Amino acid sequence: MTAEMKTVGEVLVDLLEANGVEVVFGIPGVHTVELYRGLASSKIRHVTPRHEQGAGFMADGYARVSGKPGVALVITGPGLTNTITAMAQARQDSIPMLVISGVNRRDSLGHGRGLLHELPDQHGMMKTLALYSHTLLNPTDLPLVVDRAFAVLLSGRPGPVHIEIPTEVMALRIESKPARPAAATRPRSDSETLQKAAILCADAARPVILCGGGALTAEAEVRQLAEQIGAPVATTVNARGMLAGHPLRVPASPSLKAVRALLRAADLVLALGTEMGQTDYDLYADGGFPELRNLIRTDIDAAQLARGPQAALSILSGAKMATAGILGFLPGHVAARDGAERAEAARKAALKELSAKMRAEVAVIDMIYGALPDCAIVGDSTQAVYAGNLYCDAPRQRSWFNSATGYGALGYAPPAAVGAAVADRGRPVVCLVGDGGFQFSLAEIGSAVDAATRVIFLVWNNDGYQEIESYMVDSGITPEGVKPSAPDFLMTAGAYGVRAERLADVRDLPRALTEAAARPGPSLIEIHQAKTVGVTA
1 MTAEMKTVGE
11 VLVDLLEANG
21 VEVVFGIPGV
31 HTVELYRGLA
41 SSKIRHVTPR
51 HEQGAGFMAD
61 GYARVSGKPG
71 VALVITGPGL
81 TNTITAMAQA
91 RQDSIPMLVI
101 SGVNRRDSLG
111 HGRGLLHELP
121 DQHGMMKTLA
131 LYSHTLLNPT
141 DLPLVVDRAF
151 AVLLSGRPGP
161 VHIEIPTEVM
171 ALRIESKPAR
181 PAAATRPRSD
191 SETLQKAAIL
201 CADAARPVIL
211 CGGGALTAEA
221 EVRQLAEQIG
231 APVATTVNAR
241 GMLAGHPLRV
251 PASPSLKAVR
261 ALLRAADLVL
271 ALGTEMGQTD
281 YDLYADGGFP
291 ELRNLIRTDI
301 DAAQLARGPQ
311 AALSILSGAK
321 MATAGILGFL
331 PGHVAARDGA
341 ERAEAARKAA
351 LKELSAKMRA
361 EVAVIDMIYG
371 ALPDCAIVGD
381 STQAVYAGNL
391 YCDAPRQRSW
401 FNSATGYGAL
411 GYAPPAAVGA
421 AVADRGRPVV
431 CLVGDGGFQF
441 SLAEIGSAVD
451 AATRVIFLVW
461 NNDGYQEIES
471 YMVDSGITPE
481 GVKPSAPDFL
491 MTAGAYGVRA
501 ERLADVRDLP
511 RALTEAAARP
521 GPSLIEIHQA
531 KTVGVTA
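Using our numbering, you'd call the opening residue of the sequence shown number 1 and step up by one each time.
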């Protein structure tokens, strides 16, 4: 039997399908059209952003909600460099993202002939950022390259990976073989180490558990362990919503004094799937994070275990396997503890610690979840999001995430919200974005329309970069460059055919959200700090 021959682009689509890809985000160009040859006849949906950075952020939002890698398809040169910011955010927040780009002809690479979209060394540039980057010089290597890319995404600490395909290689025909999904091989700790951890947990009188985004898949195991040893569970931004409603939850930042006091008083801290980075643990850069006694640290990345605070015991493992392993060595009965009381005290103290202004902003976030309990709030770097990152009692995991941590990119929320809505069409998505950050990616309103997503753009308008202006004033610097003009957001939304309103009173927000969520497509609601009553204290 003669083997079927397909173009590299067609085989690429088959391989993506085999690895469970259902959506790709991208903007086609002359340097990628051959990769689109098999897309229309596949099961994969294509969503077109208005900018390649939006493609990356959409892939990010999609990955956070779906738990699967987000895929972006971009052209050579400017398409790829436009995507780098999104890749950097994904790298910092450990979000699985596959970026597939074109690159110029093989015989032109490194020659500097001034070709369209040419970079001096595109692959060299991407190696500094991506967990894995490969130039497909041999077309028959495509299945191996795609397999390795997904293995990297699924086996260790997630992040962005990159495959670039020379323009003339895309159209070459290769043998098409049955495609299989890549195998994931995650590190698993030895029994002796897990038993040591279990003994420490059983002996602790005041244990605390810290959960980062790497612990999301271990929620059931974390709940069981926390209940068994009576440990409050404090969550970072990317883990917010774990143990929602549970008496042991502490949905507050470890940068707050109240959470630090809880940790300082603990005789054991179990850190699961958290890099323990500055934007979560020392947001104000005051150096006040305490030394932790009996720190057990679990991470899927050996290099990460070597960074940050020194641990009494390090466990190289995914959070789910490690927690399940520890539970296997714990006795069936553990004496009653005061974990719920300690957690409640930390929650109350953390909320009280916030300024009156921040508590008012947290109240608005609570109002959103009260009106739309099933929604996800996707945030940008804006004041209400900063407050929520310090304290947000989200109703479920993957329902609160933003770019105001890690890399800290502006303009993230609008495209990421579109990606999130594409990932879960059954729930509304609230895009919480400031008037300044929204202008970085304002045109993605059109992408939300095209994709028929129920994204509610909730614009927090404070007439400029107020957070930076306040910082300048507090630092004795005359504010400059912090008052960019904003368009009339209602008219902008109307130009795309999107229903919009500006609230006169923040108490109207639940009604406006409920009406917006009932529509089949996107909506826009503006809260103006000076024109909307009740926004801040």
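Note that the Cβ used here is the ideal one computed from N, Cα and C, for glycine as well.
Everything numeric in this text was worked out from a predicted model, so none of it was measured.
**Study point:** Candidates S101, C211, E219 and A258, of which the one nearest E344 by Cα
**Key:** Minimum Cα distance to E344 is reached at A258.
Exercise for review: Just the C-alpha distance for K6 and A18, rounded to the nearest angstrom, thanks.
Suggested key: Between the alpha carbons of K6 and A18 lies a gap of roughly 16 Å.
Review point. What residue from I95, A311, E275 and T536 has the CA that sits closest to M58's CA?
Key: Nearest C-alpha to M58: I95.
Practice item. Assign A516 to buried or exposed, taking buried as 16 or more other Cβ atoms, counted over all protein chains shown, within 10 Å of its Cβ. Key: Classification of A516: buried, given that the 10 Å Cβ count is 16 or more.
Review point. How many angstroms separate the CA atom of G3 from the CA atom of T140?
Key: One point to set straight first is that residue 3 is Ala, not Gly, in the sequence displayed. The alpha-carbon separation between A3 and T140 amounts to approximately 14 Å.
Exercise for review: Would you grab the beta carbon distance between Q439 and Q383 for me? Rounded to a whole angstrom, and I think it's under 8 Å.
Suggested key: Q439 to Q383, Cβ: 16 Å. No contact.
Review point. Within the chosen definition, does the stretch 108–126 reach the stretch 71–86 through at least 3 CB pairs nearer than 8 Å?
Key: Contact between the stretch 108–126 and the stretch 71–86 is present, because at least three Cβ pairs lie under 8 Å.
Practice item. Run through the stretch 389–464 for me and flag every whole beta strand (DSSP E) of 3 or more residues, listed as ranges in chain order. Key: The qualifying runs are 400–402, 429–434 and 455–461.
Review point. Just to confirm, are G481 and D505 a CB contact at a threshold of 8 Å?
Key: Contact flag unset, no.
Exercise for review: Can you check DSSP and say which residues form a bridge with G102?
Suggested key: Partner(s): I165.
Exercise for review: Below 7 Å CB to CB, which residues in the same chain sit around R180 once its five sequence neighbours on both sides are set aside?
Suggested key: Cβ contact annotation for R180 (same chain, cutoff 7 Å, sequence separation greater than five): A18, in chain order.
Check your understanding: Where are the beta strand (DSSP E) runs, 3 residues long or more, that stay fully inside the stretch 177–249, in chain order?
Key -> With a minimum length of 3 residues, the continuous beta strand (DSSP E) runs that stay inside the stretch 177–249 are 207–211 and 233–235.
**Study point:** Rounded C-alpha distance that separates D93 from A239
**Key:** D93 and A239: Cα-Cα distance of roughly 11 Å.
Practice item. Measuring alpha carbon to alpha carbon, tell me which of L270, A394, E227 and Q397 ends up nearest L194. Key: Per the Cα distances, L270.
**Study point:** Cα-Cα separation between Q278 and A252, rounded to whole angstroms
**Key:** Distance between the alpha carbons of Q278 and A252 is about 15 Å.
Practice item. Using the Cα positions of A55 and E444, report the straight-line distance between them to the nearest angstrom. Key: Each residue's CA atom was taken as its position, placing A55 and E444 some 10 Å apart.
Check your understanding: Near R507, what residues of its chain come up, given a Cβ to Cβ distance below 7 Å and the 5 sequence neighbours on each side ignored?
Key -> Taking C-beta separations shorter than 7 Å and ignoring five residues to either side along the sequence, the partners of R507 in its chain run G534, following chain order.
Practice item. Kindly indicate the opening and closing residues of the beta strand (DSSP E) around M539. Key: With the chain covering 1 to 537 only, the question about residue 539 has no answer from this structure.
Check your understanding: Tell me which same chain residues have a C-beta within less than 7 Å of the C-beta of R249, skipping the five on either side of it?
Key -> If we look at R249 and ignore the five residues flanking it on each side, its Cβ neighbours are V233, L243 and A343.
Exercise for review: Note down, one range per segment and in chain order, each beta strand (DSSP E) of at least 3 residues found wholly within the stretch 286–354.
Suggested key: The qualifying runs are 295–299 and 313–316.
Exercise for review: Return the residue from the list A205, E219, Q310 and R398 that minimises the CA-CA distance to V334.
Suggested key: Among A205, E219, Q310 and R398, the Cα nearest to that of V334 belongs to A205.
Check your understanding: Taking buried to mean at least 16 other C-beta atoms within 10 Å of its own C-beta, is Q310 buried or exposed?
Key -> Exposed, by the Cβ-count rule.
Check your understanding: Do you know whose CA, among L109, A420, A218 and I174, lies nearest E164's CA?
Key -> Looking only at L109, A420, A218 and I174, the smallest Cα-Cα distance to E164 is reached by L109.
Exercise for review: Give me the Cβ distance between P455 and C431, rounded to the nearest whole Å; I'm assuming they're in contact under 8 Å.
Suggested key: Rather than Pro, the amino acid found at residue 455 in this sequence is Val. Right, the Cβ-Cβ distance comes to about 6 Å (below 8 Å), so this counts as a contact.
Point to revise | Coarse secondary structure for D488, derived from DSSP in three states | key: Coil.
**Study point:** Residue burial classification, V222 (beta-carbon count within 10 angstroms, cutoff 16)
**Key:** Only buried fits V222, as 16 or more other CB atoms lie within 10 angstroms of its CB.
Check your understanding: Looking at the structure shown, is M58 part of a helix, part of a strand, or coil, going by DSSP?
Key -> Helix at M58.
**Study point:** Where the alpha helix (DSSP H) through I365 begins and ends
**Key:** Start and end: A356 to A371.
Point to revise | Contact belief for I296 with A197 at Cβ below 8 Å, rounded distance in angstroms | key: For a cut-off of 8 Å, the C-beta gap from I296 to A197 is around 5 Å, short enough to register as a contact.
Review point. Along the chain, which unbroken stretches of the alpha helix (DSSP H) at least 4 residues long are found entirely within the stretch 468–531?
Key: Runs of the alpha helix (DSSP H) inside the stretch 468–531: 489–495 and 509–517.
Practice item. Report the rounded CA-to-CA distance for P138 versus L144, giving the unit in angstroms. Key: Just to set this straight, residue 138 is Asn in the shown sequence, not Pro. Taking the straight line joining both Cα atoms gives about 11 Å.
Review point. Is the CB-CB distance between G20 and L73 below 8 Å?
Key: Not in contact: G20 and L73 (Cβ atoms no closer than 8 Å).
Review point. Excluding five sequence neighbours on each side, which residues of the same chain lie with their C-beta closer than 7 Å to the C-beta of I326?
Key: So the list reads L194, A197, A198, C201 and L225, once near-sequence residues are dropped.
Review point. Under the three-state reduction of DSSP, which class applies to A72: helix, strand or coil?
Key: In the three-state DSSP reduction, A72 falls in the strand class (E or B).
Check your understanding: With 16 other CB atoms within 10 Å as the buried threshold, where does I477 fall?
Key -> Burial call: exposed.
Check your understanding: Just reading off the beta strand (DSSP E) that S133 is part of, what are its end residues?
Key -> For S133, the enclosing beta strand (DSSP E) has its first and last residue at Y132 to T135.
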